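In what follows, a single structure is set out as structure tokens and then discussed.
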Amino acid sequence: MAGLVMYPEDERLTGGNRTAFDLYIVSAVALFVLMMLIGVTMRLSQATWIEVPPDLFYKFLSMHGAGMVGTMGMVTVAVMWFFLRKYVRLHLWAFVTNFVLFLLGALCIIASIFIGGYGALWTFLFPLPTDGMGMWSPHTAALFMLGYLLIGVGNLIFYLDAAAAIIKVHGNLGRALGLQWLFGGTIDPNHPKAVVASTMVIIANSLGILAGAVVLVMSLVNIFYPEVRLDALLVKNLIYWFGHMYINATIYMGAIAVYELLPRYTGKPYPISRPFLWSWAVSTVFVIVVFPHHLLMDYAQPRWLAIMGQIVSWGAGFPVFLVTMYGALTNVYRSGIRWTMPSRLLILSMFGWAAGIIPAILDGTIRINVLMHNTQWVPGHFHFYILLGVLAMVLALMYHEIGARAHLPPNSGTDRLGFPIYLVGGLIFVFAFLDAGRLSVPRRMAQHLEAWTSTDRIGAVGAVLVLLAMLYFAIRIASGLLLGGKASGGTGATHASG
Amino acid sequence: MIPQDEFWMIALAGMGLVAAGFLHVLAQAGKTADEAESSKSQHTAHVLRRWLFVLLLAVFITGSWATLHHFPIPRQNQALEAKQVVSASGRLWSWQIEPATVQAHSPVEFQVTSIDVNHGFAIYSPEGRIVVQTQAMPGYTNRILHTFDQPGTYTVRCLEYCGIGHVPMTAEINVVASRGD
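Structure below.
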């Protein structure tokens, strides 16, 4: 069980561990600012406040989508590594290899977009990458795909190292998930939630990345041997299997920060329980089979796949509401919580995840998807739980680590100003998307009708606020890590409630 | 109320409930409970969670039944027996729709496909809201069965990004009053 010591000794970062962690975090916050800048530019253009030519807009959209998801994948690996290394022996080389391959992959993606002109978005739906109509060449698309492959290989190396380490301690992945306690028996109170969540991510996301590898290789074969034609529906299934799992894995890796840190700030134990184990066991299956909800408008799909997509989308609400959100709120209730930046961000992350999943579940309903699919309802719900959910989890750990190095939970006046700007800006930003979805405004369009620009303008204002807050967070976190104390942790006497 | 507004209200109600739950807990978060109070609130939390589970289960079962028992997508492997049949084919970056005029209050079968990349076939009402959509995918034909309830000029927009000409890829469908109207 995660303890209540604010900065435990076994979390102390020194030497290579510290350098690697700092590289991850500083790169991530810099990339988040850059990707947000691109996002703001697109919203300002849709609002007709600035003019971005369509070819550049779609390059920006390709960069923003691939860049944000890739960066979130990279930084949530750092969250998982930070906590999991306390319970099993992870190898630093695997963690660093993931980072190096991420950088190489990112370079391929950036070059393909801004040098090669690639603009077929993160989805690379067959056969658009080979049909750039003069905007990009098939070889440019191949470079983009190579970037994905490098990032995926890095992830798999990290997951394999983590899987081996977990199996060494717990015997097998099933026992690490706690399956032996689902129907009875006395649960080991010291079984770490971080191990349960990490195991789920290893199983699910490895499958997703393998699906991604298969479809990337298929697409590359098609690029170099065009006579090998692909089945567009099969390709789309594999892409969304991979894409859905990849972004969902970031939520589950980020959630480890909530399980580990929240009890330290509330001063209340956050024990493992049977509902918790059920929740993660069920989520492991759900996240693997839920992807058909992305293909509800592909009527040629077998009917049972569409039904499964809806049923599982709805079912995914159970673990989120009954265990994660409810458990966190129970932990906070009458705890005398110490309000600092990490604790504010942890609570925000739970709210962002739980509230954002509601429009997502609605969109996963076939009847509703007929009217909302590929409208701005979709970026509305995923920005809700990514921006206000996962990013808040990640920022909470970053702020917590700053506190570890300064031996004091961070809570400056500027922090207290930055947080509401981020929250209010984020809410304006996502609700503008959702309202635009209600008005049937399509997503992924460089130019908007005059009738659509009112929500674009509101959304753009929210986006600017988020960018300003994130810029501040990035500077604060980077300086806190690079200029902070010599070593983190080690102030084990500093307890939560103070 | 049009369906999109209904979905919006459901979403707002759901998110509002979540927000209310958070605000209630946060209003109490600054207070510290003693051991007896903690034990009592823990017991209450367990009871409430059981009820929340029952509530969610009821919503899950009734919602699934209500939204799926009349499956919203027509069978794709058999004739839909609509008197009006329209073929719609997407290509970079235009639509070929035959015929482009149909009658209101009578089911129309749309046979939608693409001859190059993936497109999205979305029909917008004269008021600018989506009334129905499907994907236009190379190698596949997706069949929509839709009955227009009012005459007017409907706009077809591509809703799956397909390159630089994605935005202007539009077409019109004229829905005229049926002979009996």
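Residue numbers (our numbering), protein chains in the order written: chain D, 784 to 1281; chain G, 248 to 428. We put the beta carbon where it would ideally sit given N, CA and C, even for glycine. It should be emphasised that the depicted structure is a prediction, and the values quoted were computed from it without experimental measurement.
Give me, in chain order, the residues of the same chain whose beta-carbon lies closer than 6 angstroms to that of residue i; leave out the 5 immediate sequence neighbours on both sides.
i, result
"M1036(D)", "T859, V862, M863 and V984"
"A1015(D)", "F909"
"I485(G)", "Since the first residue of chain G shown is 248 and the last is 428, residue 485(G) is not available in this structure."
"L1254(D)", "V816"
"A418(G)", "W342, I344 and V403"
"H366(G)", "G337, A383, C405, E407 and C409"
"H953(D)", "A959"
"P837(D)", "A1229"
"N988(D)", "M1028 and A1032"
"G850(D)", "M818"
"I896(D)", "K842, S845 and M846"
List the residues of chain D that residue i touches, going by C-beta distances under 9 angstroms, in chain order.
i, result
"R426(G)", "The contacting residues do not exist; R426(G) stays about 29 angstroms from chain D at best."
"P385(G)", "F909, P910 and A1015"
Taking residue i as the reference, give the member of the options with the closest Cα.
i, options, result
"F804(D)", "N881(D), F840(D), L933(D) and T1049(D)", "N881(D)"
"S845(D)", "F927(D), G937(D), G798(D) and I833(D)", "F927(D)"
"W1160(D)", "R826(D), R1086(D), G1220(D) and F815(D)", "G1220(D)"
"L1112(D)", "L273(G), I257(G) and A260(G)", "L273(G)"
"G268(G)", "L943(D), H1027(D) and Y1109(D)", "Y1109(D)"
"A201(G)", "F1214(D), P1142(D), M1155(D) and A1189(D)", "Since the displayed chain G opens at 248 and closes at 428, residue 201(G) lies outside it and no answer follows."
"I1258(D)", "T797(D), V812(D), R795(D) and L787(D)", "V812(D)"
"I320(G)", "A1246(D), L956(D), D1081(D) and G1135(D)", "D1081(D)"
"T923(D)", "L933(D), P912(D) and T1197(D)", "P912(D)"
"I420(G)", "W340(G), H352(G) and A335(G)", "A335(G)"
"G967(D)", "F878(D), R1057(D), L873(D) and L1013(D)", "R1057(D)"
"N1194(D)", "I1241(D), F1256(D), T1033(D) and R1240(D)", "F1256(D)"
"A947(D)", "T1236(D), V979(D) and H874(D)", "H874(D)"
"I892(D)", "M855(D), A1246(D), G930(D) and H1190(D)", "G930(D)"
Which chain D residues sit within Cβ distance under 7 angstroms of residue i?
i, result
"R296(G)", "L1105 and Y1109"
Might you give, ordered along the chain, the residues of its own chain that have their beta carbon closer than 7 angstroms to the beta carbon of residue i, omitting 5 neighbours on each side?
i, result
"P1102(D)", "S1062, V1065 and S1066"
"Y841(D)", "G902 and A1229"
"F1226(D)", "Sequence inspection shows Arg at residue 1226(D); the Phe mentioned does not correspond to that position. Only N1157, T1158, Q1159, V1161 and P1162 meet the Cβ criterion."
"F1025(D)", "G991, I992, A994, G995 and V998"
"G1139(D)", "H1164, F1167, Y1168, L1171 and G1172"
"V1041(D)", "A1111, L1129, S1132, M1133 and M1176"
"A894(D)", "L926"
"S1280(D)", "Residue placement at S1280(D) is poorly supported in this model, since its pLDDT is 37, which falls under 50; the coordinates still yield a value, given next. Excluding sequence neighbours, S1280(D) sits near G1050, G1119 and R1121."
"G848(D)", "L904 and W905"
"A424(G)", "A351 and P398"
Chain D partners of residue i, CB-CB under 8 angstroms?
i, result
"I486(G)", "With chain G covering only 248 through 428, there is no way to say anything about residue 486(G)."
"K278(G)", "R1117 and G1119"
"E407(G)", "L908 and N1157"
Residues bridged to residue i by DSSP?
i, result
"W342(G)", "G337(G)"
"A418(G)", "V403(G)"
"V332(G)", "E356(G)"
"I391(G)", "F357(G)"
"A369(G)", "Q380(G) and R404(G)"
"P385(G)", "S361(G)"
"Q350(G)", "V423(G)"
"I279(G)", "The sequence shown places Thr at residue 279(G), rather than the Ile named in the question. According to DSSP, which records beta bridges pairwise, T279(G) is partnered with S1118(D)."
"T1107(D)", "Paired residue(s): none; T1107(D) is not in a bridge."
"P1225(D)", "T1158(D)"
Any heavy atom of the ligand GDP inside 8 angstroms of the beta-carbon of residue i?
i, result
"W298(G)", "Of ligands this structure carries none, so the ligand GDP is not represented either."
Listing by chain order, which chain G residues have their CB less than 8 angstroms from the CB of residue i?
i, result
"A1089(D)", "I320"
For residue i, which residues in the same chain have their Cβ closer than 8 angstroms to its Cβ, ignoring the five residues on either side in sequence?
i, result
"V1004(D)", "V1011"
"L1265(D)", "D805 and V809"
Strictly below 7 angstroms CB to CB, what residues from chain G border residue i?
i, result
"L1154(D)", "P250, Q251 and I377"
"R1127(D)", "What R1127(D) touches in chain G: nothing, since even the nearest Cβ is about 10 angstroms away."
"Y1082(D)", "I320, Q323, T381, N389 and R390"
Below 9 angstroms on C-beta distance, what does residue i contact in chain G?
i, result
"A1234(D)", "G375"
"I1094(D)", "F307, S311 and L315"
Taking 9 angstroms as the CB-CB limit, is residue i close to chain A?
i, result
"V422(G)", "Looking for chain A here will not work: the only protein chains present are D and G."
Just checking, does the stretch 1008 to 1026 of chain D make contact with the stretch 971 to 985 of chain D on the three C-beta pairs under 8 angstroms criterion?
-> Three or more beta-carbon pairs separated by less than 8 angstroms are not found between the stretch 1008 to 1026 of chain D and the stretch 971 to 985 of chain D, which leaves the two stretches without contact.
Any chance the stretch 1171 to 1180 of chain D sits against the stretch 282 to 299 of chain G, with 3 or more Cβ pairs inside 8 angstroms?
-> Touching, no, given that fewer than three Cβ pairs across the two stretches are closer than 8 angstroms.
Evaluate contact between the stretch 1109 to 1118 of chain D and the stretch 272 to 287 of chain G, counting only Cβ atoms and requiring at least three cross-stretch pairs below 8 angstroms.
-> yes
Examine the Cβ distances between the stretch 818 to 828 of chain D and the stretch 1241 to 1258 of chain D and report whether three or more of them are shorter than 8 angstroms.
-> yes
Would you check if the stretch 294 to 305 of chain G and the stretch 1068 to 1077 of chain D touch, i.e. whether three or more CB-CB distances between them fall below 8 angstroms?
-> no
Touch test, the stretch 912 to 923 of chain D against the stretch 933 to 949 of chain D, Cβ-Cβ under 8 angstroms, three pairs minimum | no
Is the number of C-beta pairs between the stretch 1180 to 1199 of chain D and the stretch 1122 to 1139 of chain D that are closer than 8 angstroms three or more?
-> yes
Are the stretch 975 to 989 of chain D and the stretch 1045 to 1064 of chain D in contact at 8 angstroms, needing three or more beta carbon pairs?
-> Judged by Cβ distances under 8 angstroms, the stretch 975 to 989 of chain D makes contact with the stretch 1045 to 1064 of chain D, as three or more pairs qualify.
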